[in-house]
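Residue numbers (my numbering), protein chains in the order written: chain W, 148 to 474; chain D, 221 to 723; chain F, 6 to 335; chain Y, 13 to 384.
The beta carbon of each residue, even a glycine, is placed where N, CA and C say it ideally should be.
One structure is given here, and the rest of the page talks about it.
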Amino acid sequence: MSDRTETTHARTRRLPQINPVWLLLAALVAGIILMNPGFVEPTGYMNFLKRAAPLAILAAGQVYVITSGGFDLSVGSLITLVVVGSSMLTNNDPAATYWVIPLMLGMGLGVGVVNGLVVCFLRVPSLIATLGMMITLNGLAFLWSGGAPRGYLPDTYRFFGRELVRDVPLVGFIPVSVIVLFVVVGILAWLMHRTNLGRQVHAIGDNPVAARLAGVAVNRVRITAFMLSGLSAAIAGILLGGFAGVSTDVGSGYELQAITAAVLGGAQLLGGRGSVFAAFGGALALTAIFTLLNFLGLPQPVRQVVQGLILIAAVALAMHRRKQTGT
Amino acid sequence: MTTPVIEMKAITKTFPGVRALSDVSFDVRTGEVQALVGENGAGKSTLIKILSGVYQADSGAVLMNGKAVHFRHPVDSLRAGISTIYQEFSLLPERTVAQNLFLGREPRTRLGLIDAAKMRDETKEVLALFAAAGRIDPDRIVGELDVATQQVVEIAKAVSTGARVVVMDEPTAALNEAECEELFATVDTLRERGVAIIYITHRMREIARLADRVTVLKDGEVAARFDEVPAPNEIVRAMVGRDIADFYAPPASPDEVGGLVLSVRGGGNAVLDGIDLDVRRGEIVGLAGIQGAGRVALARALFGDAPFERGDVTLDGDAVSFGTPRAAILGGIGLLPGDRKSEGLVLMQSVRDNGMLTSRAFASLWSSDRRNAHSDTVRMDGLLDHMEIRAASYDQDIRALSGGNQQKAIVARWLSMRPKLLIFIEPTRGIDVNSKAGIYHLMRDLAREGAGILMISSDLPEVIGAADRVLVMQAGRIVAEFPHGASEQDVMHAATAESEVAA
Amino acid sequence: MSGSEGAPPHKTKSGFRLERWAPLILLGGAFAIYVGVVLATGQAQYLTFDNLIAILGRSIALGITAIGQTFVILVASIDLSVASLISATAVLASVIMDGSPAMILPAVLAAVALGGLVGLTNGLVVTGLGVNPLIATLGMSLIIQGCLSAFVSNFAGSVPAEFQVFAYGRLGPFPLALLFLLALACLAWILLRFTKFGSDIYAVGGNEEAARFAGIKTRRIVVLSHVICSVCAVIAGLYLASRLRSGAPWIGADGVYDLESIAVVVIGGTVLAGGRGGIWGTMAGMLIFSLIDSVFNVAGVDSFAKQVLRGIIIVAAVAFYAARSKRIVA
Amino acid sequence: MKRILMATGAFAVSVVPLHAQNFDDPQEFAKQQEQLQAEPMGPEGQPWLQHIGGEMTETADLGLEAPATVCFSNAGVNNPWRVVGYTNMMQEVANHESIGDFVHVDAEGSDDKQIADINDLLAGGDCDVMIVSPNTTAALTPAVERACEDMPVIVFDRGVNTDCPVTFVHPIGGYGFGIQGAEFIVENVDEGSNVLMLRILPGVDVLETRYSAGRRILDEAGMNIVGAEFTDGDNAKTKSIVEDYLMRGDIDAVWMDAGATAVAAIEAFEDSGYEIPVFVGEDQQDFLRKWQDEDLTAIAPTYPTFQWRTAVIAAARVIEGEPVPAPEWVLPQPAITQDELADYVNPAMPPLHYAMCGCESMENYPDAWGGN
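So this is what it looks like as structure tokens:
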């Protein structure tokens with residue numbers, strides 16, 4: 148590289164760069180409003196945010212693992228396990244919520260630790276390691292409940308996913324899950340972009356060998372990334388269980404949606420780049436696509452096709468931009 | 221002299237925002253070695269890539285034996301008889317020597333299947349040209365060979381195509397002296413056989429040893445053309461536009477050398493044995509030796525990457541035993557890896573992030589990335605400024621910087637840690653002449669500030685010129701020691717003497 | 006660290022390379038467990054020739070798919086669209102045949118054409134647009150599944166008895182499909198081991214740039230590998246249509262052929278990063294899966310516990326030879 | 013790419029209606045409507061032993077000796093309905109001394125695997141009688157045919173396209189289910205009311221027939237069907253869909269083709285601050301409890317899990333050489349109404365337990381079903 152290329156890079160770099168996911172989201176929201184003017188009412192957009200909350204939280208966690216260079220396919224079945232497990236443990240007792248929720252969060256962290264240990268010390272690529280974990284957790288959820296969860300989730304538990312905070316100025320009401328969403332995404336974004344953890348997650352995804360030789364505790368950072376992903380899945384599970392109650396396949400399909408959302412937000416597969424906010428935007432955009440297609444009265448198959456096309460187009464576009472700017 | 225095999229006329233090539241070559245003319249004749257020199261970014265690689273069909277020129281012409289040719293793909297040039305050996309090995313570690321040699325042009329039987337027997341025989345024939353390579357089994361997996369042998373295979377691969385023009389892009393970058401000699405012999409053989417050789421290098425000694433003619437590029441233009449090899453100074457002046465008087469920093473004066481920083485007694489592991497090593501505050505110790513002599517293994521052992529299994533190490537008076545690089549860094553050792561791209565840099569991150577990587581690695585994961593016990597963003601920026609890193613902004617990705625500037629950012633990474641011992645592996649590999657001097661002076665400054673420096677380099681003049689003492693390694697042991705300014709011949713002899721006897 | 010002199014990590018010159026034998030060792034282990042369980046539960050009738058043949062024939066569709074998946078993984082790509090493609094071709098073939106023997110050939114041709122097209126598109130999106138293969142084929146999978154379910158929601162069409170020979174016919178004691186799988190595996194082996202195309206595949210997977218500079222049209226190789234993978238998925242779809250007598254839009258997804266075929270290939274010792282591995286490893290991987298299933302059935306393992314064990318086994322099998330590598334994985 | 017898939021798809025569409033199973037068969041509709049009214053034969057209060065239609069077949073000539081080994085190829089236990097049914101089955105097996113070993117293989121919801129399972133069972137050579145719960149009708153037919161050559165086969169839940177099994181045990185069917193719910197709606201709301209129809213998945217035979225029957229009755233009664241949506245059986249999605257419909261207008265009744273997500277649908281009304289309309293659910297405990305607690309106007313048609321008991325009973329009779337209803341053993345399919353609600357609600361049972369299990373009097377009730 149000659150020094151002269153630096154200046155050209157500098158020029159393109161200084162252009163204001165808006166992540167295209169926000170433009171996509173804006174366009175989609177405009178479309179939704181066109182189809183359904185009620186969307187501008189608090190009921191409209193709050194319902195939307197409430198619906199997007201589990202996926203957005205999941206994507207914010209997934210982006211840690213993706214940025215660190217891996218995948219976490221186990222989050223979907225972890226959600227199922229959290230919901231089923233909560234129902235088994237609370238067993239209709241409202242007081243149980245206070246220890247069940249911390250326990251579930253702990254379980255999410257624990258699954259992350261196991262994922263991380265398998266990848267770091269058994270050297271199993273995360274695609275396979277978390278695929279195995281996905282199958283195992285799914286089996287565990289069934290094994291634990293015998294196929295049919297035993298308890299109802301008490302209202303205390305469902306508070307986070309179902310209740311509203313009323314009489315809020317300006318917007319009227321805020322679903323508790325939306326508050327959880329902003330708090331969690333805020334914390335994860337701060338961790339990713341303002342702390343040593345985030346920088347090192349980037350570093351190990353970018354070049355693990357260099358990171359190790361520079362003294363980065365690669366395994367610790369990688370395991371932490373998996374833990375945060377597991378934790379976010381546990382939180383998403385608690386919100387989903389709260390929103391919709393017990394069922395045995397709550398989480399299925401969420402792992403790919405979370406990866407899709409992160410990728411829509413410009414996270415680079417195999418590591419080195421990723422933004423929590425953009426993944427959050429990606430999750431909102433994905434939910435907005437689904438909502439819009441619903442309003443258009445398009446059936447499920449069409450939604451799949453559109454999701455597939457957007458996924459490919461988003462990455463192709465990102466590659467194209469990267470090629471153009473040479474970064 | 222005969223007519224040129226290759227004649228490149230008035231080549232101009234522009235990349236978005238950069239004019240890489242303007243009006244460059246260049247030719248090479250059969251049976252000669254034409255040295256192509258110039259700083260990084262001067263346009264050597266671009267010129268070669270145009271010749272080999274990786275890039276297309278915007279204007280100008282390439283003539284082969286007087287006829288205009290247009291290479292649109294590396295294959296085109298390969299078919300025309302131009303074979304290029306790139307700096308990075310292009311061998312497949314999982315395949316055999318024969319499979320690598322015939323990659324992309326495997327002989328086939330009448331059934332259309334690969335003719336493995338013929339491939340093996342022809343491989344043996346080609347390898348027989350090389351002294352050292354005659355014993356290589358064509359069925360060996362390349363990944364199991366050592367680096368030098370791989371380099372031979374790489375060259376054999378180029379020769380086996382029956383090329384009439386061979387381009388070598390810094391072929392000695394990964395070789396030690398003995399291997400270099402072997403390579404030079406190979407080049408001589410090729411020349412005798414009437415092959416035209418374009419030889420790119422940074423090393424003046426190689427030019428003197430090999431070249432028939434020299435072309436110097438600077439800023440995308442031909443700065444000088446010599447029909448006979450001139451004095452090195454002349455070439456350097458053409459390359460950089462001035463003399464470099466104080467290329468190496470002056471050696472340490474006796475009062476600058478302080479107490480022991482590092483002391484190893486009887487260190488050994490699977491590769492090393494009986495290592496006794498002392499490094500003092502304020503001195504630069506150079507490690508010389510041939511490929512596989514154990515220099516990098518010694519660095520890895522000190523750095524906890526492939527630790528000693530026996531012996532004692534004291535660092536600053538304390539007995540230590542480092543099992544991981546992290547532990548070694550915590551103990552006060554720093555290491556600049558030999559391969560910047562694959563071992564040193566996190567390319568997609570900013571210059572500042574690269575500089576702060578290590579200091580952040582030793583702070584709490586959960587605390588702010590702007591400030592930690594060892595550094596903060598303001599201090600890091602100051603450090604980067606001080607080292608005169610040329611970057612549009614420290615927020616820009618480090619991948620856009622030149623090799624020298626990248627290397628400085630890695631040095632900055634260690635400066636904030638204030639290491640007691642700093643190990644440099646091939647500190648100037650792939651760095652242009654101007655920046656090299658910068659790195660030598662930087663090393664000297666660090667030593668003056670009280671650090672002990674251990675420097676490993678395959679560039680013999682560099683080790684001798686930059687180090688206060690030179691230790692020579694052979695077969696995992698330290699076999700000799702020389703003071704600053706020793707003769708290359710003596711060092712060379714110490715590095716190879718016993719192995720010659722053994723062979 | 007490579008440095009100027011990487012310490013020689015390969016002290017064992019051309020000696021025993023575990024990764025070469027790992028699939029066979031795993032297969033032997035799986036078989037030993039099977040025999041052990043059969044004997045321990047006193048069900049020696051499960052050791053008959055018929056039964057062993059039945060085990061070999063358990064996962065034919067998975068085996069065929071995995072052969073194709075081996076090609077894409079060898080060139081460091083991956084294909085997640087095989088499951089949807091299996092469904093699509095099973096439906097397409099069964100609808101075109103619609104019980105008529107005369108339509109077998111057109112149906113097979115149409116299915117292969119569809120597969121070729123999907124593989125071509127996958128390959129071009131990966132090479133031309135530079136989209137990560139995981140995303141490209143995941144997107145393709147969604148598109149195929151969406152298009153398919155837009156038009157068909159149940160078993161559609163039917164397969165004539167003549168075509169059912171594919172799945173149910175026997176040649177002596179051997180099921181025809183098993184022999185077909187064996188033939189396909191041999192073909193793939195010859196292709197990889199003895200042709201220039203095979204050599205190019207390993208080159209592209211091992212070092213894409215080196216392959217390009219050696220004059221190999223790397224993009225074409227990647228695209229071709231994707232086409233082969235898709236055509237194998239098509240064959241698996243045809244086999245399933247023959248076996249199920251009809252095609253339904255869920256048979257691919259129900260069999261989890263996408264992720265399982267990848268797991269089979271990886272357990273068979275082919276590296277996700279490309280350039281190393283082979284067909285017989287994949288076949289060993291397939292047999293390991295069949296044996297695991299059979300062990301579970303013989304031992305009467307609860308179906309939920311089965312899942313738990315299967316997940317652990319996949320990870321453990323890959324860890325078996327990955328664990329000793331020094332490379333940092335993510 | 014897309015266009016070609018569309019084209020092939022369009023081709024498929026043009027062919028499918030001619031040959032695919034017909035899910036809107038007026039004859040079958042009428043037959044099931046009639047069966048709902050019929051008085052079943054057999055002991056009263058034990059619907060799993062009852063049958064509609066009087067044909068029987070002798071089994072003494074099959075020449076089996078007790079105790080015999082019964083092998084069961086299960087499509088899967090991948091949803092709560094199958095879990096409850098499978099528990100019924102295992103408990104019922106314990107009641108029969110004539111059944112020696114009971115071998116169970118589970119195909120985990122894959123046709124291919126179930127075919128392989130049946131082949132394994134046949135190759136093992138241990139089975140005397142085989143019970144099959146097919147994953148899909150068409151795909152399993154050849155495997156069942158092969159099994160028939162070796163031993164008596166009993167099929168339940170879904171059928172196969174062959175009459176070789178001794179009998180096919182099943183409740184009245186999907187049309188019946190659809191009829192019961194839709195008629196309840198017609199009785200309880202005015203003509204022209206807004207009805208939302210929620211469906212699980214397209215293409216599943218038992219669900220398609222429920223829908224076509226329900227749709228037929230609602231259309232004939234002049235209801236305004238505001239939408240028919242697929243929920244994937246996903247609670248969150250169900251809730252979202254209902255919320256979206258509520259933003260657009262009132263809903264007077266909700267018809268569902270299966271009750272798994274009924275409570276989520278009800279919660280959508282509650283959470284959006286609407287009255288809960290007339291509801292068609294199913295016999296899962298969570299719905300029944302919600303119904304009782306909120307005093308809904310509702311009905312719970314059932315697809316009784318007690319058929320899993322009946323399949324075992326049929327196998328035992330075959331071993332013992334007793335006659336069984338054949339070629340089909342049609343079981344009654346009662347709907348739970350307001351009057352019987354209290355009999356079926358049981359807070360001790362898990363939320364996803366299916367109340368119409370016919371298992372209350374069995375030995376290990378409620379523990380084996382996960383109750384307290």
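>> For a test of the three-state rule: what should DSSP assign to Y211 (chain W), helix, strand or coil?
In response: Taking the first sequence and counting its residues from 1, one reaches residue 211 (chain W) at position 64. Reduced to three states, the DSSP call for Y211 (chain W) is helix.
> Which residue spans inside the segment 254-313 of chain D form an unbroken alpha helix (DSSP H) run of at least 4?
Replying inline: DSSP runs (the alpha helix (DSSP H)) wholly in the segment 254-313 of chain D: 264-271, 294-300.
> Tell me the DSSP bridge mates of N206 (chain Y)?
Replying inline: Counting from 1 along the fourth sequence, the entry for residue 206 (chain Y) is found at position 194. For N206 (chain Y), which the question treats as bridged, DSSP gives the partners Y:N236.
> Of all the CB atoms in chain Y, is at least one closer than 7 Å to the CB of S394 (chain W)?
Replying inline: Taking the first residue of the first sequence as position 1, residue 394 (chain W) is located at position 247. S394 (chain W) has a beta carbon lying within less than 7 Å of a beta carbon in chain Y.
>> Quick check: is the beta carbon of Y380 (chain F) nearer than 7 Å to any beta carbon in chain Y?
In response: Outside the displayed range of chain F (6 to 335) lies residue 380 (chain F), so it cannot be described from this structure.
> Just how far apart, CA to CA, sit L249 (chain F) and V178 (chain Y)?
Replying inline: Along the third sequence, one-based indexing puts residue 249 (chain F) at 244. Along the fourth sequence, one-based indexing puts residue 178 (chain Y) at 166. Those two C-alpha atoms are separated by around 22 Å.
> Quick one, which of F:G68, F:A49, F:G273, F:G177 has its alpha-carbon nearest D124 (chain Y)'s?
Replying inline: As a position in the fourth sequence, residue 124 (chain Y) is number 112, starting the count at 1. Residue F:G68 is the option with its Cα nearest to D124 (chain Y).
> Nearest-angstrom Cα distance between H290 (chain D) and D278 (chain D)?
Replying inline: Here residue 290 (chain D) refers to the residue found at position 70 when the second sequence is read from its first residue. Here residue 278 (chain D) refers to the residue found at position 58 when the second sequence is read from its first residue. Distance between H290 (chain D) and D278 (chain D), taken at the CA atoms: about 12 Å.
>> Determine, for I549 (chain D), whether the minimum Cβ-Cβ distance to residues of chain W falls below 7 Å.
In response: Residue mapping note: residue 549 (chain D) aligns to position 329 of the second sequence, counting from 1. At a cut-off of 7 Å between beta carbons, I549 (chain D) contacts chain W.
> Taking only runs of the alpha helix (DSSP H) that begin and end inside the segment 646-688 of chain D, which ones reach a length of at least 4 residues, in chain order?
Replying inline: As summarised for the segment 646-688 of chain D, the continuous alpha helix (DSSP H) elements at least 4 residues long and confined to that stretch are 653-668, 680-686, given in chain order.
> To which residues does DSSP link C83 (chain Y) through a beta bridge?
Replying inline: Position 71 of the fourth sequence holds residue 83 (chain Y). BP columns for C83 (chain Y) point to Y:V115, Y:M142.
> In chain order, which alpha helix (DSSP H) runs of at least 4 residues are fully inside the segment 592-638 of chain D?
Replying inline: Counting only runs that start and end inside the segment 592-638 of chain D, the alpha helix (DSSP H) elements of at least 4 residues fall at 597-606, 623-635.
> The beta strand (DSSP E) spanning V505 (chain D) covers which residue range?
Replying inline: As a first step, residue 505 (chain D) is located in the second sequence; it is residue number 285 there, counting from the start. For V505 (chain D), the enclosing beta strand (DSSP E) stretches over residues 504-509.
>> Please tell me whether V28 (chain Y) has its Cβ less than 7 Å away from any Cβ of chain W.
In response: Within the fourth sequence, the letter at position 16 stands for residue 28 (chain Y). Confidence in V28 (chain Y) is poor, its pLDDT being 40 and thus under 50, which makes the residue's placement too unreliable to answer from.
>> With distance defined between alpha-carbon atoms, name the residue in Y:A328, Y:L300, Y:A225, Y:T322 nearest to T349 (chain Y).
In response: The residue labelled residue 349 (chain Y) in the question sits at position 337 within the fourth sequence. Of the listed residues, the one whose Cα sits closest to T349 (chain Y) is Y:L300.
> Do M568 (chain D) and G258 (chain D) have their C-beta atoms within less than 7 Å of each other?
Replying inline: The residue given as residue 568 (chain D) occupies position 348 in the second sequence. The residue given as residue 258 (chain D) occupies position 38 in the second sequence. Not in contact: M568 (chain D) and G258 (chain D) (Cβ atoms no closer than 7 Å).
>> Quick check on DSSP: helix, strand or coil for Y326 (chain F)?
In response: Here residue 326 (chain F) corresponds to residue number 321 of the third sequence, with the count starting at 1. Three-state result, Y326 (chain F): helix.
> Between G79 (chain Y) and chain F, is there a C-beta pair that is closer than 7 Å?
Replying inline: The sequence position of residue 79 (chain Y) within the fourth sequence is 67, counting from 1. The sequence shown places Pro at residue 79 (chain Y), rather than the Gly named in the question. Chain F contact via Cβ: absent.
> Is DSSP giving W246 (chain W) helix, strand or coil here?
Replying inline: The sequence position of residue 246 (chain W) within the first sequence is 99, counting from 1. Helix.
> Based on Cα-Cα distance, which residue from F:W255, F:F309, F:G242 lies nearest to V164 (chain F)?
Replying inline: In the third sequence, the residue the question calls residue 164 (chain F) occupies position 159. Residue F:G242 is the option with its Cα nearest to V164 (chain F).
>> So I221 (chain F) contacts chain D; which residues on that side make the cut at Cβ distance below 7 Å?
In response: In the third sequence, the residue the question calls residue 221 (chain F) occupies position 216. Per Cβ cutoff of 7 Å: G324.
> Does the beta carbon of S299 (chain F) sit closer than 7 Å to a beta carbon anywhere in chain D?
Replying inline: Within the third sequence, the letter at position 294 stands for residue 299 (chain F). No, its Cβ sits nowhere closer than 7 Å to a Cβ of chain D.
> Which residues in the same chain as L284 (chain W) place their Cβ atom closer than 8 Å to its Cβ, once the five residues preceding and following it in sequence are excluded?
Replying inline: Counting from 1 along the first sequence, the entry for residue 284 (chain W) is found at position 137. Excluding positions up to five away in sequence, the list reads S221, S224, L225, T227, L228, V258.
>> To the nearest angstrom, how far is the alpha carbon of F185 (chain F) from that of V276 (chain F)?
In response: Start at 1 with the first residue of the third sequence, and residue 185 (chain F) comes out as number 180. Start at 1 with the first residue of the third sequence, and residue 276 (chain F) comes out as number 271. Across the structure, F185 (chain F) and V276 (chain F) are spaced so that their CA atoms are roughly 26 Å apart.
>> So A335 (chain F) and A81 (chain F) are supposed to be a Cβ contact under 8 Å. How far apart are they, rounded?
In response: Position 330 of the third sequence, counted from the start, is the residue given in the question as residue 335 (chain F). Position 76 of the third sequence, counted from the start, is the residue given in the question as residue 81 (chain F). Contact doesn't hold; Cβ gap of about 15 Å is too wide.
>> Please identify the residue among F:G47, F:L57, F:G144 whose C-alpha is closest to the C-alpha of T126 (chain F).
In response: What you label residue 126 (chain F) is simply residue 121 of the third sequence in a count that begins at 1. Among F:G47, F:L57, F:G144, the Cα nearest to that of T126 (chain F) belongs to F:G144.
>> Which complete beta strand (DSSP E) runs does the segment 212-249 of chain F hold, if anything under 3 residues is left out?
In response: Every candidate beta strand (DSSP E) stretch fails here, since none sits fully inside the segment 212-249 of chain F while reaching 3 residues.
> Buried or exposed: where does T53 (chain F) fall if 16 or more other Cβ atoms within 10 Å of its Cβ makes it buried?
Replying inline: Position 48 of the third sequence, counted from the first residue, corresponds to residue 53 (chain F). Around the CB of T53 (chain F), fewer than 16 other CB atoms lie within 10 Å, so the residue is classed as exposed.
> Residues in its own chain within less than 6 Å of V238 (chain Y) by CB, not counting five upstream and five downstream?
Replying inline: Reading the fourth sequence from its first residue, position 226 is the one you call residue 238 (chain Y). Leaving aside the five residues that flank V238 (chain Y) on each side, the residues in its chain whose CB is nearer than 6 Å to its CB run, in chain order, N206, L208.
>> Runs of 4 residues minimum, wholly inside the segment 129-193 of chain F: which ones carry the alpha helix (DSSP H) assignment?
In response: Correct list: 138-156, 166-173.
> Which of helix, strand or coil does DSSP assign to I212 (chain Y)?
Replying inline: Counting from 1 along the fourth sequence, the entry for residue 212 (chain Y) is found at position 200. Three-state DSSP puts I212 (chain Y) in coil, outside helix and strand.
> What do you get for L338 (chain W), buried or exposed, if any count of 16 or more other CB atoms within 10 angstroms of its CB means buried?
Replying inline: Residue numbering aside, residue 338 (chain W) sits at position 191 when the first sequence is read from its first letter. Counting Cβ neighbours within 10 Å, L338 (chain W) comes out buried, since at least 16 surround it.
> Which residues in chain W sit within 8 Å of L353 (chain Y), going by Cβ to Cβ distance?
Replying inline: In the fourth sequence, residue 353 (chain Y) corresponds to position 341, counting from 1. Neighbourhood of L353 (chain Y) in chain W, by CB distance below 8 Å: empty, with the nearest CB roughly 18 Å away.
> Can you give the Cα-Cα distance for R170 (chain Y) and N147 (chain Y), rounded to whole angstroms?
Replying inline: Within the fourth sequence, numbered from 1, the residue matching residue 170 (chain Y) stands at position 158. Within the fourth sequence, numbered from 1, the residue matching residue 147 (chain Y) stands at position 135. Our two residues, R170 (chain Y) and N147 (chain Y), have alpha carbons roughly 8 Å apart in a direct line.
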